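A.B. asks: Every letter in the sequence shown is one number past the one before it in this note's numbering, and letter 56, counting from 1, is 56. The structure that follows is given in the form of structure tokens.
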Amino acid sequence: TGGWEDIVALDLVAKAQQHAEQAVALLDAPYLPPQTGTLVLDANQVALQIHESVGHPLELDRILGYEAAYAGTSWVGIGDVGSLRYGSDQVNLTVDTTTDKGLGTYGWDDEGVPAGRHPLVVEGILRDFLTSRETAPHVDDQTRSNGTMRADSWGTIPLIRMTNINLEPGSGSLEQLLDEAGDGVYMSTNKSWSIDDKRLNFQFGCEVAYDIRGGKLGQMYRNPTYTGRTPVFWGSCDGIAGPQHWQVYGTPNCGKGEPGQVARVSHGAAPARFRDVQMGVR
């Protein structure tokens with residue numbers, strides 16, 4: 001969230017020529033050839049990856065089977081806390097209702113739980129779920145709600161919802177991330193998403209991709225896709241750019257429940273690198 005100053009910061013006029021040239025180039029750009037290799041995702045696509053393969057499957061009502069009709073349940077089990085390897089040692093994820101300018105930032109949730117920052121995944125290991133006062137004791141008798149119960153109006157019941165689910169930044173620049181990638185593919189700007197009803201198998205598509213050769217961006221491709229399994233994909237993460245590249249991306253229309261409810265959520269992310277990823281159209 002923000003004011004006019006955020007619109008000014010986008011520098012739209014100065015970037016108009018660049019975006020126009022990219023749009024024209026995409027018209028004739030080839031499709032990405034099928035391959036398995038190193039993938040670097042821009043922060044905006046990492047945010048979508050967080051939303052679909054971390055946020056939704058860690059909603060504890062899905063895990064307990066209370067919520068299934070809209071977008072399914074979860075591949076994660078109630079007994080996985082403290083032992084499940086969700087990602088590599090590089091991966092640290094938090095639920096943070098205090099994130100500056102986050103769409104999921106507030107003082108208290110609809111059960112009166114105050115805002116706070118709580119770890120979900122620490123150095124790749126699952127540590128917590130998105131919880132409510134009702135569901136938290138199912139984890140253990142020491143677990144308390146981390147304040148994620150929200151309703152979208154006075155006339156709907158509160159549900160466990162994503163707030164601000166963030167991938168903590170690593171270190172170094174995007175240029176270093178690309179340089180250490182060697183050869184691979186860089187993708188940016190989400191265009192499509194498909195994920196199964198347990199949030200395990202997925203295929204996501206972007207607007208644009210570029211070859212990485214010797215750490216430099218080369219050939220442009222249109223409509224690139226990549227596929228994976230959630231723990232394998234996050235387990236292949238071997239680099240995340242530093243705080244200077246970390247941004248908060250908002251999703252104003254996250255749906256859940258029947259009757260359906262809409263929530264405003266955010267995801268903080270920086271560009272990240274993943275190894276041995278299946279890419280291209282098969």
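Glycine included, every Cβ here is placed at the ideal spot set by N, Cα and C. These numbers were taken from a predicted model, which means no experiment stands behind them.
How about G87 and W234: do their beta carbons lie closer than 8 Å?
C.D. replies: Yes, Cβ-Cβ distance for G87 and W234 is below 8 Å.
A.B. asks: Are at least three pairs of beta-carbons, each pair with one atom in the stretch 99–112 and one in the stretch 50–64, less than 8 Å apart?
C.D. replies: No contact exists between the stretch 99–112 and the stretch 50–64.
A.B. asks: Do the CB positions of C254 and Q45 come within less than 8 Å of each other?
C.D. replies: Contact: no.
A.B. asks: Should S171 go down as buried or exposed, given a rule of 16 or more other Cβ atoms within 10 Å for buried?
C.D. replies: The residue is exposed, with fewer than 16 neighbouring Cβ atoms inside 10 Å.
A.B. asks: Look at the alpha carbon of L58 and the alpha carbon of C237, and state the distance between them as a whole number of angstroms.
C.D. replies: Going by the C-alpha atoms only, they are around 19 Å apart.
A.B. asks: Can you tell me the Cα-Cα spacing of G155 and Q22, whole angstroms?
C.D. replies: For G155 and Q22, the distance between alpha carbons rounds to 46 Å.
A.B. asks: Within 10 angstroms of the Cβ of G218, are there 16 or more other Cβ atoms? Answer buried if so, exposed if not.
C.D. replies: By the 10 Å Cβ count, G218 comes out exposed.
A.B. asks: Using 8 Å as the threshold, is the C-beta distance between G72 and R199 below it?
C.D. replies: It is a contact, given that the beta carbons lie within the stated cut-off.
A.B. asks: For a quick check, are the C-beta atoms of L48 and N190 less than 8 Å apart?
C.D. replies: Against a cut-off of 8 Å, the Cβ pair of N190 and L48 comes out as a contact.
A.B. asks: Can you name the start and end residues of the alpha helix (DSSP H) that G2 belongs to?
C.D. replies: It is not in any alpha helix (DSSP H) - G2 carries neither H nor E in the DSSP assignment.
A.B. asks: Please report the distance separating the alpha-carbon of D285 from that of F202.
C.D. replies: Missing from the structure shown is residue 285; the chain here goes from 1 to 282 and no further.
A.B. asks: For the pair the stretch 261–280 and the stretch 240–250, tell me if three or more CB-CB distances fall below 8 Å.
C.D. replies: Segments in contact, yes.
A.B. asks: Taking 8 Å as the threshold (C-beta atoms), are V91 and V121 in contact?
C.D. replies: Closer than 8 Å, so yes.
A.B. asks: In the DSSP output, what is I240 paired with across the bridge?
C.D. replies: Per DSSP, A272.
A.B. asks: Examine the Cβ distances between the stretch 146–160 and the stretch 112–127 and report whether three or more of them are shorter than 8 Å.
C.D. replies: Result yes; three or more Cβ-Cβ pairs closer than 8 Å.
A.B. asks: Measuring straight from C-alpha to C-alpha, what distance separates K256 and D152?
C.D. replies: Their backbone Cα atoms lie some 10 Å apart in a straight line.
A.B. asks: For K256, name the three-state secondary structure that DSSP assigns.
C.D. replies: Reduced to three states, the DSSP call for K256 is strand.
A.B. asks: Thinking C-beta only, is L93 closer than 8 Å to L167?
C.D. replies: It is a contact, given that the beta carbons lie within the stated cut-off.
A.B. asks: Taking all protein chains shown into account, do 16 or more other C-beta atoms lie within 10 angstroms of the C-beta of R213, making it buried, or fewer, making it exposed?
C.D. replies: Burial call: exposed.
A.B. asks: Could you tell me which uninterrupted beta strand (DSSP E) segments, each at least 3 residues in length, are contained entirely in the stretch 50–107, listed from first to last along the chain?
C.D. replies: With a minimum length of 3 residues, the continuous beta strand (DSSP E) runs that stay inside the stretch 50–107 are 93–96.
A.B. asks: When the Cα atoms are used, what is the spatial distance from V265 to E111?
C.D. replies: Cα to Cα, V265 sits roughly 18 Å from E111.
A.B. asks: DSSP on L178, reduced to helix/strand/coil?
C.D. replies: Correct three-state label for L178: helix.
A.B. asks: Can you tell me whether A263 is helix, strand or coil according to DSSP?
C.D. replies: Reduced to three states, the DSSP call for A263 is strand.
A.B. asks: Please report how far the alpha carbon of H267 lies from the alpha carbon of V248, in whole angstroms.
C.D. replies: Taking the straight line from one Cα to the other gives about 5 Å.
A.B. asks: So who's on the other strand from T225, going by DSSP bridges?
C.D. replies: Paired residues: G205.
A.B. asks: How would you call E52, buried or exposed, if buried means at least 16 neighbouring beta carbons within 10 angstroms?
C.D. replies: By the neighbour-count rule (16 or more Cβ atoms within 10 Å), E52 is buried.
A.B. asks: What is the DSSP secondary structure of W154, reduced to helix, strand or coil?
C.D. replies: Coil at W154, not helix or strand.
A.B. asks: Runs of 3 residues minimum, wholly inside the stretch 18–54: which ones carry the beta strand (DSSP E) assignment?
C.D. replies: Entirely contained in the stretch 18–54, the beta strand (DSSP E) runs reaching 3 residues are, in chain order, 35–41.
A.B. asks: For L60 versus I160, is the C-beta distance shorter than 8 Å?
C.D. replies: Cβ atoms of L60 and I160: closer than 8 Å.
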